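Student: Pasting in a structure now, in structure tokens, and then I'll have a few things to ask.
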């Protein structure tokens, strides 16, 4: 905590449930973000929260629930996002739920979206199969 502001690092790939892999994994779990936010809201010494974000994004699972929690908790105390280098995809989603967003001169931000690919082998399986003996 710095001058009554709880600084919460949000770095690396964002995942739904991190478990015990932190801090060596290079990932941040939405479950950990929510737990730290709830703890900060309950602490009378904390006047606000700063999410220090440097993340390319991550999993969609859990991202919107975490963003909803940030949005609701900002009614109790200010929650600001510092986009400190990169806040893309799911990280930008979290930043967008905050009361305010700050960026550095060289920050990369944006792209709240989901990419998914689908491969269908249905046509291949309908073709007759040649078996040579």
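In full-length UniProt numbering, the protein residues as written are 1 to 133. C-beta atoms are modelled at their ideal positions from N, C-alpha and C, and glycine is treated no differently. Note that the coordinates shown come from a computational prediction; the quantities given were computed from them, not determined experimentally.
Rank 5, 43, 89 by C-alpha distance to the C-alpha of residue 54 and give the top, closest one.
Tutor: For the purposes of this step, residue 54 is identified with residue 54 of the chain shown, where counting begins at 1. Of 5, 43, 89, the residue nearest in Cα terms is 89.
Student: Which two residues bound the contiguous alpha helix (DSSP H) that contains residue 88?
Tutor: Within the chain shown, residue 88 is the residue found at index 88, counting from 1. It is not in any alpha helix (DSSP H) - residue 88 instead sits in the beta strand (DSSP E) that spans 79-88.
Student: What residues match up with residue 68 in a beta bridge as DSSP calls it?
Tutor: Walking along the chain shown from the start, residue 68 turns up at place 68. Answer is none; residue 68 lacks a bridge partner.
Student: Measuring only the C-alpha atoms, how far is residue 26 from residue 38?
Tutor: One-based indexing of the chain shown puts residue 26 at position 26. One-based indexing of the chain shown puts residue 38 at position 38. Their Cα atoms are separated by approximately 23 Å.
Student: Pop quiz: residue 49 and residue 91 are said to be a contact at Cβ under 8 Å. What is the actual Cβ separation, rounded to whole angstroms?
Tutor: Taking the first residue of the chain shown as position 1, residue 49 is located at position 49. Taking the first residue of the chain shown as position 1, residue 91 is located at position 91. So it is not a contact: roughly 16 Å between Cβ atoms.
Student: Under the DSSP definition of a beta bridge, which residues are partnered with residue 106?
Tutor: As a first step, residue 106 is located in the chain shown; it is residue number 106 there, counting from the start. Note: residue 106 sits in no beta bridge, so no partner.
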